[in-house]
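Q:
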Amino acid sequence: MANTIPITKKGAEKLREELQRLKSVDRPAVITAIAEARAQGDLSENADYDAAKERQGWIEGRIKQIEGMLSNAQIIDPAELDAGGRIVFGSTVELEDEKTGEALKYQIVGEDEADLKLGLINVSSPIARALIGKEEGDTAEVQAPGGVKRYEIVGVSYL
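In structure tokens form, the structure reads like this:
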């Protein structure tokens with residue numbers, strides 16, 4: 010059996026939506042573009058044809074990638090977690106930088122759904138690894154490029 014990859018329920022839904030769009034919108038559009046480019050005649054110097062074929066290759070590759078991710082996914086709904094206040098995969102964590110007092114909020118998610126700008130951090134990132142297993146009131150130490158950073162865990166929720 011292949012290794013399962015943890016992903017949040019929301020992350021799996023986003024992948025399914027992308028897969029649906031790729032199959033029902035993007036794939037037919039690129040097939041039409043290829044047909045139109047073929048109708049223009051000589052394919053050896055047809056940039057539209059080359060671009061459409063390249064796009065088709067990307068779409069097909071992405072479809073296979075998403076289908077593979079979903080087939081190996083262990084979908085976790087954070088709202089159904091009962092971790093007793095401990096930080097686990099899917100937890101949303103509120104932190105305070107002990108040095109600067111800066112408030113931070115992260116959700117620990119799978120590798121493919123991580124997006125730091127949205128506060129979604131990869132479960133295998135240094136900060137997530139430092140947080141896993143801790144509880145509200147604990148302090149987490151993270152080895153950062155500028156040295157060790159210490160964060161107080163202000164809150165843990167399962168949204």
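Under my numbering, think of the first position of the sequence shown as 10, with each following residue one higher. Beta carbons are placed, not taken as given, at the ideal position from N, Cα and C, and that holds for glycine.
Just how far apart, CA to CA, sit G70 and E145?
A: Taking the first residue of the sequence shown as 1, we reach residue 70 at position 61. Taking the first residue of the sequence shown as 1, we reach residue 145 at position 136. Computed Cα separation, rounded: 42 Å.
Q: At what residue ranges does the stretch 38-90 contain a whole run of the beta strand (DSSP E), taking only runs of 3 or more?
A: Runs of the beta strand (DSSP E) inside the stretch 38-90: 82-85.
Q: N12 and N81 look like a contact to me (Cβ under 8 Å); what is the Cβ gap, rounded to whole Å?
A: On the sequence shown, position 3 is the one that residue 12 refers to. On the sequence shown, position 72 is the one that residue 81 refers to. At roughly 7 Å, the Cβ-Cβ gap stays under 8 Å, so N12 and N81 are in contact.
Q: At what residues does the beta strand (DSSP E) containing L129 begin and finish?
A: Here residue 129 is taken as the residue at index 120 of the sequence shown, counted from 1. From DSSP, the beta strand (DSSP E) with L129 extends over L129 to N131.
Q: So what's D124 in DSSP terms, helix, strand or just coil?
A: Against the sequence shown, residue 124 aligns to sequence position 115. Reduced to three states, the DSSP call for D124 is strand.
Q: Does the separation of the CB atoms of L52 and A46 fall below 9 Å?
A: Reading the sequence shown from its first residue, position 43 is the one you call residue 52. Reading the sequence shown from its first residue, position 37 is the one you call residue 46. The answer is yes: Cβ separation under 9 Å.
Q: What first and last residue would you give for the beta strand (DSSP E) that runs through K158?
A: Numbered from its first residue, the sequence shown carries residue 158 at position 149. From DSSP, the beta strand (DSSP E) with K158 extends over G156 to S166.
Q: For Y160 and L104, which I take to be in contact (beta-carbon distance under 8 Å), what is that distance rounded to the nearest angstrom?
A: Along the sequence shown, one-based indexing puts residue 160 at 151. Along the sequence shown, one-based indexing puts residue 104 at 95. Right, the Cβ-Cβ distance comes to about 4 Å (below 8 Å), so this counts as a contact.
Q: Out of curiosity, what's the CA-to-CA distance linking K23 and V118?
A: For the purposes of this step, residue 23 is taken as residue 14 along the sequence shown, with counting starting at 1. For the purposes of this step, residue 118 is taken as residue 109 along the sequence shown, with counting starting at 1. Distance between the alpha carbons of K23 and V118 is about 13 Å.
Q: First and last residue of the beta strand (DSSP E) that includes E103?
A: On the sequence shown, position 94 is the one that residue 103 refers to. Note, E103: beta strand (DSSP E), T101 to D106.
Q: Under a three-way DSSP split, which group does A149 fall into?
A: Translated into positions along the sequence shown, residue 149 becomes position 140. A149: strand per DSSP, three-state reduction.
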